[in-house]
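Step one of this worksheet: look at the structure below.
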Amino acid sequence: TCLHECLQELLCIFGTGDLGRSLGQRLIQAGYRLVYGSRRPHSCGPLPPGTQVADHEAAAQSAQLIFLCVHREHYDFLESLTPQLKGKVVVDVSNNLKRDLYPEANAEHLQRLIPGAHVVKAFNTLSAWALQNGPSDANRQVYLCGNRTEAKQAVAETATKLGFTVVDRGSLSAARELEDSPLQLFPDWRLPMRLTVGLTAFFFLYVVIRDVIYAYVEQRKDISFRIMVSLANKVFPIVSLIMLSLCYLPGIMAACLQLSRGTKYKRFPDWLDRWMLCRKQLGLVSLAFASLHVLYTLIIPIRYYVRYRLAAITISQIRENKTTAFDTTMAWRTDSYYSMGVLGFGLFLLLGISSLPSVSNILSWREFSFIQSKLGYLTLFICTFHTYLYGWDKFLHLASYKWFTPPSYMLCLIVPSAVLLLKMLLLLPCVDKRLTRIRQGWERADPEDGTRKSLLT
Amino acid sequence: TCLHECLQELLCIFGTGDLGRSLGQRLIQAGYRLVYGSRRPHSCGPLPPGTQVADHEAAAQSAQLIFLCVHREHYDFLESLTPQLKGKVVVDVSNNLKRDLYPEANAEHLQRLIPGAHVVKAFNTLSAWALQNGPSDANRQVYLCGNRTEAKQAVAETATKLGFTVVDRGSLSAARELEDSPLQLFPDWRLPMRLTVGLTAFFFLYVVIRDVIYAYVEQRKDISFRIMVSLANKVFPIVSLIMLSLCYLPGIMAACLQLSRGTKYKRFPDWLDRWMLCRKQLGLVSLAFASLHVLYTLIIPIRYYVRYRLAAITISQIRENKTTAFDTTMAWRTDSYYSMGVLGFGLFLLLGISSLPSVSNILSWREFSFIQSKLGYLTLFICTFHTYLYGWDKFLHLASYKWFTPPSYMLCLIVPSAVLLLKMLLLLPCVDKRLTRIRQGWERADPEDGTRKSLLT
Amino acid sequence: TCLHECLQELLCIFGTGDLGRSLGQRLIQAGYRLVYGSRRPHSCGPLPPGTQVADHEAAAQSAQLIFLCVHREHYDFLESLTPQLKGKVVVDVSNNLKRDLYPEANAEHLQRLIPGAHVVKAFNTLSAWALQNGPSDANRQVYLCGNRTEAKQAVAETATKLGFTVVDRGSLSAARELEDSPLQLFPDWRLPMRLTVGLTAFFFLYVVIRDVIYAYVEQRKDISFRIMVSLANKVFPIVSLIMLSLCYLPGIMAACLQLSRGTKYKRFPDWLDRWMLCRKQLGLVSLAFASLHVLYTLIIPIRYYVRYRLAAITISQIRENKTTAFDTTMAWRTDSYYSMGVLGFGLFLLLGISSLPSVSNILSWREFSFIQSKLGYLTLFICTFHTYLYGWDKFLHLASYKWFTPPSYMLCLIVPSAVLLLKMLLLLPCVDKRLTRIRQGWERADPEDGTRKSLLT
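Chains as they are written, first to last, in UniProt numbering: chain A, 1 to 457; chain B, 1 to 457; chain C, 1 to 457.
Dropping the structure here:
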């Protein structure tokens, strides 16, 4: 029966190194028979029990499926095995130490070495730990690619039997991508991270100078302790709001570009494309900072400094025996200001949740774009409004321009205000209609078709 | 070699419109050769470079796989191509502008037009953007359906090569569903949303009248500023608790129905079925409102109004030189009230997390129902208890019945209390045993088998 | 056409019980023709309309695909059907009432009974409700296993047509696993849960004795009301921090073990393996407790007790007409203490989010281990630092050692401090280099190869 065959199926592993051993152990546990191919069949280290060792020729002969667990530098010996490898499935699990070390992907290089064999790139995205112990968190999926469907099928079945989920990434031309993926650490996050660090550093310096240093120089008061919470809680919302507006700015730029060009068939400049592609990351960083802002705000009343100040105020009121009247405007303003903050944050959380892979997968793209665009702009608007309410009429008081510098919250209002303004312009019926037509493929009639075509690619 | 074939594979696209161009660009980038079929091969707009254009006959001849990127209205010309399309795979990517525009799905209509071809419905759930630029958040999965496995396989391979994940939705009879999906915006959320809006509006009005207007009429006091936070924070928890209890009410109704009917083989009334199917949405809305309630509660102590009142109390105590004794009962009550709130919210968050697709997928249905049912009822109980503790003995004071209306929190306690009471009754051994037997398929012996059978469908 | 065949395809269900009916209804709705096989074809209960009933022989004859919806105890009658079942696909959907009830899996037992048939285990992980009404939250995926690919394919197609996603779990030897899965309730969570309950109980008792009982015995003061919030908020962070450090302790132990053994090819003791495998659960519990700690901390200022005490302090200050000077050190300390808490919690949330299945799936294992290890240790460090800041110089005051017992927070600092210390030692260049070499497969040369080999499995 097939069960019998399966359990009896003989696989071959080239290379008795660490990777070869881990994989071997796992295959044995999954009920395969296993033969190792080695240069020195008699002097290779400890191997999983129940496995044989042979020289490469014999090993290659005996099995239909061969796992190649040697470094790319040592591939050359395979050329001599061309006859034995003819028609065999060779699985390349290799990874390089750094990117672009070689002109072509290991797997493609391998395929050229042994054109007769069917090379399949697989398993290289898994950690050695996962290879030995089976699927774990970031190691559930085995990506494979190769030119022959049957070969991929054979590898896929083995991967499935080891408990992994198989994701077919198409032809061997995808090997480069697969080989790069384990080497990179959050590639899409570099630009947003740099931006975050830059903005945070700048605004932190800005508020330190305007608050701490100013107080020290002008009033000889040391309020440096405010750095830990008060100042941090000034920087976080500022960076968060700016990052959020930066998510929507590129979209607006794109629209303007299309309007001015009168067509959608011209490519955007690369910087705009790159910007567009990291909007999600920008948004998530912004959300993280917003959450910190929320937490930092909520701990205000338990702070020693705040409690002391409040008590001091009350005491002084008693001593000077005067009472301040209740200011309804103040109540209205602060309450709506907090209210806006809460609602904005709530919507922001919704955006964040809807960008979880599993959630966005069950959304139709119309639903997704509704959340990310319509709700997104609403969030931006509410958060900006929240900041305006915070500022209220401060911008009128000269006192707030210490050393002739505007308060930090004013600086952070520039970009979001601009974005919202432009968006409103784009929503004007006339503009909107034109844009829609352009996006539906309509083009302003002009004699530069040639150039447009050439720009298409 | 196969790689060679793959890269050389020639695909055909009917229609040089926007969709055709986007898809074409992507296919070219993926290494396919491409020929466009057009009515006016010599006068169609800009096309991706490296593509040929031909009339429909020639184009259809040359390729095995044909993407149909024209509107359903123009399908008729295909009948004349029956000979060229014989045995070919025709991919219908079309969408309609609104639902139920036509008696049958585009793809099924198409299959009838060209019975010789193998029609596959695919790609229509993707945005044009994703078709041109590859997978993005809500555009990872390509749903396809069709009657011939080989045809679906061919399309699936192309989709995979374009970087998408393929989800097979079975035979062509699923086409209608696929064509509807991009058109609908949160269909499952309509009922819950209406309910939410209704409840929120009602209770908001209710508290505005009882608090603001009452204070104005009776005491000539303007406390309208309390709308922003205080009143909002009364409405949110109320709606949240009611929505939560509405998640569990239908289940209880179903149980009662089964008990009274003495069988599970009778269908539930449609309204109950519909209600059952939107329980998850009800719960998520309830969670959202609960979160708002939490945030609104936590900002209380930083509110100007609260700080002013607290200071005022202290001051008056000094002035009148009297001290209020510490009330241990009060301390117990308020602390347990807050404690219950926190625990309830924590459990609620757990329910929410476990209903994330990726989380519920790794749960066995026994685990899932344990969380959603057992933990869910516990959450409901704690939250209701939390509200009772909030009310404490207020219901005894006539003063709290302004204008003879009960405080809002009393109203919101009705449904959850009823649900919990009924649930307890259903848990009584005798009732529970009976229900279990019914659910295991046991039926009360009675002479109406006939009717029951007819009710089965 | 194929559509025609599909719609006409005849399936057979053995067993007219509840499961058989549910499945039958669904299959009928999906457009299959259906024949039931029954012992008593003329006296079996209500069946879905449009289905025929026949005796087992006839039913088996007529269909290629047979669903077996009878309990394992009644499998024996199938032996007599060997001729009719030859070459047929038999789907075993059975589940047992408890684990390890039988020496071998139902499906494997079945395959032995009817070796001529192709047994496929499937659908058993779904709830009866899902079988009747189609996919729902925890019931999207149909796991199947079997020895013959074609047989599995056939079942997979049916499952797909019913709207489920199919996950192939390999050969029939996986049946045991599939049959166990619906029976177990959070198996990986047992150990962490026990630990949590134990720790929580111990520390709760500890603080109750040190605070409430101590105050009652020594000062005749009843502060039992503090149990609800104050004490709870002492226990939660303690348990959380300990659990978090317990996530990283096993990793460190493993490293030490490898260092002392000088090889990685010796297996770890079982208890260590088990511990390693529940690190994720430990972390999630810890996160939950941390969240409770955060919420309990944030409600402090709205508590009656706190407000009363603050007012009392102010009042007494007035009465005794003395003012306390502002203590900058105090401000620094408390603010940094809160700041650390917020940042630690923020990082902790990040760890939690990145361990969501859908998120960890899109991370490369290098990214995942970066977050879980590097960021994880950072979180542990910040949280421990947060606790040290909380303690500050309390450990110097004899008064804080009530009844000669250390404050609870001191106890909870032991494990995390040890973990961080050891980790720092492991990061010393010399140690780190050695460890890295060992993990790359290097082994201390010693004459015990034999033993090592034997330990490999």
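Beta carbons: idealized from backbone N, C-alpha and C, even for Gly.
Quick check on Phe268/B: does DSSP put it in helix, strand or coil? coil
If we call anything under 8 Å between Cβ atoms a contact, is Tyr143/A one with Arg169/A? yes
Alpha carbon to alpha carbon, what distance is there between Val359/B and Asn106/C? 29 Å
Once the 5 residues before and after Ser181/A are set aside, which same chain residues still bring their CB inside 8 Å of it? Thr125, Tyr143
Nearest residue (CA-CA) to Leu23/A, options Leu185/A, Thr82/A, Ala122/A: Ala122/A
Within its chain, find whatever has a CB closer than 7 Å to the CB of Ser127/C; leave out the 5 residues flanking it on each side and keep chain order. Asn139
For a test of the three-state rule: what should DSSP assign to Cys278/B, helix, strand or coil? coil
Along the segment 156-170 of chain B, where does the CB come closer than 8 Å to a CB of chain C? Name the residues. Val167, Asp168, Arg169, Gly170
Cys2/A - DSSP class collapsed to helix/strand/coil: Because Cys2/A carries a pLDDT of 42, less than 50, the predicted location of this residue cannot be relied on, and the following value inherits that uncertainty. Reduced to three states, the DSSP call for Cys2/A is helix.
Any heavy atom of the ligand GDP within a distance shorter than 7 Å of the CB on Lys402/A? Judged by which ligands are present, the structure shown has none, so any question about the ligand GDP falls away.
Would you kindly check if the distance between the Cβ of Val93/B and the Cβ of residue 527/B is under 8 Å? Because chain B here runs from 1 to 457, residue 527/B falls outside it and cannot be looked at.
By DSSP's criteria, Arg33/A is part of a beta bridge. Which residues make up the other side? Leu10/A
Using alpha carbons as the reference points, say which of Ala418/B, Trp271/B, Asp137/B, Cys383/B lies closest to Ile353/A. Asp137/B
Roughly how many whole angstroms lie between the Cα atoms of Trp275/C and Phe14/C? 45 Å
Where residue 500/A meets chain C, residues with beta-carbon distance less than 8 Å: Chain A is shown from 1 up to 457; residue 500/A falls before or after that span and cannot be answered.
Under 8 Å, Cβ to Cβ, is there at least one residue of chain B near Ala175/C? no
Give me, in chain order, the residues of the same chain whose beta-carbon lies closer than 6 Å to that of Phe368/C; leave out the 5 immediate sequence neighbours on both sides. Ser360
With 8 Å set as the bound, which would you pick, yes or no: does the beta-carbon of Phe381/C sit closer than that to a beta-carbon of chain D? Protein chains A, B and C are contained in the structure displayed, whereas chain D is not.
Nearest by alpha-carbon distance to Ser43/B: which of Leu351/B, Phe268/B, Ala54/B, Thr436/B is it? Ala54/B
Taking the alpha carbon of Glu9/A as the point to measure from, which residue in Pro135/A, Ala331/A, Glu157/A, Arg21/A has its own alpha carbon closest? Glu157/A
Determine the extent of the beta strand (DSSP E) in which Thr160/B is found, giving its start and end residues. Taken as a continuous stretch (DSSP letters only), Thr160/B belongs to no beta strand (DSSP E), being part of the alpha helix (DSSP H) at 149-161.
Any beta-carbon of chain B closer than 8 Å to the one on Ala331/A? yes
Under 8 Å between the Cβ atoms of Arg226/B and Val239/B? no
Gln25/C to Leu356/A span [Cα, whole Å]: 35 Å
Can you list, in chain order, the residues of its chain with a C-beta nearer than 7 Å to that of Lys280/A? Leave out the 5 residues immediately preceding and following it. Ser355
Mind checking who His118/A pairs with in its DSSP beta bridge? Val89/A
Spatial distance of Ser173/C from Ile438/C (CA atoms): 35 Å
Mind checking if Ile300/A is an interface residue toward chain B, Cβ cutoff 8 Å exclusive? yes
Taking His56/C as the reference, which of Leu425/C, Gln84/C, Asn95/C has the closest Cα? Gln84/C
Could you check if His397/A is buried or exposed, using at least 16 other CB atoms within 10 Å of its CB as the buried criterion? exposed
Round the Cβ separation of Lys152/C and Ala117/C to the nearest angstrom and send it over; I've been treating them as touching at under 8 Å. With 8 Å as the limit, Lys152/C and Ala117/C do not qualify as a contact, their Cβ atoms being about 14 Å apart.
Would a check of beta-carbon distances place Met193/B closer than 8 Å to chain A? no
Alpha carbon of Leu246/C to alpha carbon of Val285/C, nearest angstrom: 11 Å
Proximity of Glu79/A and Leu113/A at Cβ, strictly below 8 Å: yes
Which residue's Cα is closest to the Cα of Pro416/A: Thr384/A, Cys69/A, Gly341/A, Leu428/A? Thr384/A
Using three-state DSSP, classify Gly20/B as helix, strand or coil. helix
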